[in-house]
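Right, one structure below, let's go through it.
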Amino acid sequence: MTDSIFSKIIRGEIPAHKLYEDDFVIAILDINPLSEGHTLVITKEPAETLDQLSDDHAGALGHALPRICRAIKKVTGCTSYNILQNNGSAAGQEVPHVHVHVIPCYPGRGTPVAGKPDKDNGPGLEKQWHPGTLTQEEALELGKQIKRLL
Ligand code: AMP
62 MTDSIFSKII RGEIPAHKLY EDDFVIAILD INPLSEGHTL VITKEPAETL DQLSDDHAGA
122 LGHALPRICR AIKKVTGCTS YNILQNNGSA AGQEVPHVHV HVIPCYPGRG TPVAGKPDKD
182 NGPGLEKQWH PGTLTQEEAL ELGKQIKRLL
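Residue numbers (the numbering used here): 62 to 211.
Put into C-alpha cells, the structure is as follows:
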C-alpha cells in the first residue's frame, strides 16, 4: 500500500487546516474547495477504498460525520450539503486513502474563480446524473447475487 498525502497529514508531516481528530479519523478543510466549508473526513486507517475499511474505522467514520456536518452547517450557514465519497480512479478518486467530502451547497453563488479567496468559491457539488432504467428481471437477478454475499 502506498503512503498517501493524507497519511502524511495524519502524521503531521504536511500542514493542513485540521478541524477535528479522534483515534480513528481526522477532518480537514479541502485545499481546493468546491464551496466554502468543503471538508474532508479522513480515516486514520490507510485503506484505499471504503470496501477495504475495517468495521471499527467504518463505525468511527459514521459516528464522526453527523457531528462534523452539524458544525459546518452552523458556522457556514448552509442549509444543504452533499456527502461525496469516491472509490477508485474511474469514480474520480484522486487520493487513494478513504475520505468523505462534506460539500456545503450555496444555491445562487457563482462558479469558483482561480485565485479568489475560499469564500468566493462556488455553489457546491453540481449533480449531473444520467439515470437509466431497471427491469424487474434485472433487479431480481442482481439483488439475488448481491444479497448472497451480505
Ligand atoms: P478525491 O478526488 O475524492 O480523491 O478527492 C481528493 C481531495 O483531496 C480533493 O478535493 C483535493 O482538493 C483534496 N486535497 C488534496 N491534497 C490536499 C491537501 N494537502 N490538503 C487538503 N486537501 C487536499
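We treat Cβ as the ideally placed atom computed from N, Cα and C, and that holds for glycine.
Below 8 Å, how does it come out for the stretch 100-111 and the stretch 77-86: are there three or more Cβ pairs, yes or no? yes
For His162, write down the residues that DSSP places opposite it in a beta bridge. Leu101, Leu145
Run through DSSP, which three-state label would Leu90 get? strand
Determine the contact status of Ile89 and Ala77, defining contact as a CB-CB distance below 7 Å. yes
Output the boundary residues of the alpha helix (DSSP H) element that contains Glu202. 197-210
Could you compute how far the alpha carbon of Gly153 sits from the alpha carbon of Thr137? 26 Å
If you run the structure through DSSP and keep just helix, strand and coil, what is Leu122? helix
Leu101 and Asp116: beta carbons closer than 7 Å? no
DSSP state of Leu186 mapped onto helix, strand, coil: coil
May I have the straight-line CA-CA distance separating Cys166 from Asn182, to the nearest angstrom? 11 Å
Mind checking whether the beta-carbon of Asp91 lies closer than 6 Å to any heavy atom of the ligand AMP? yes
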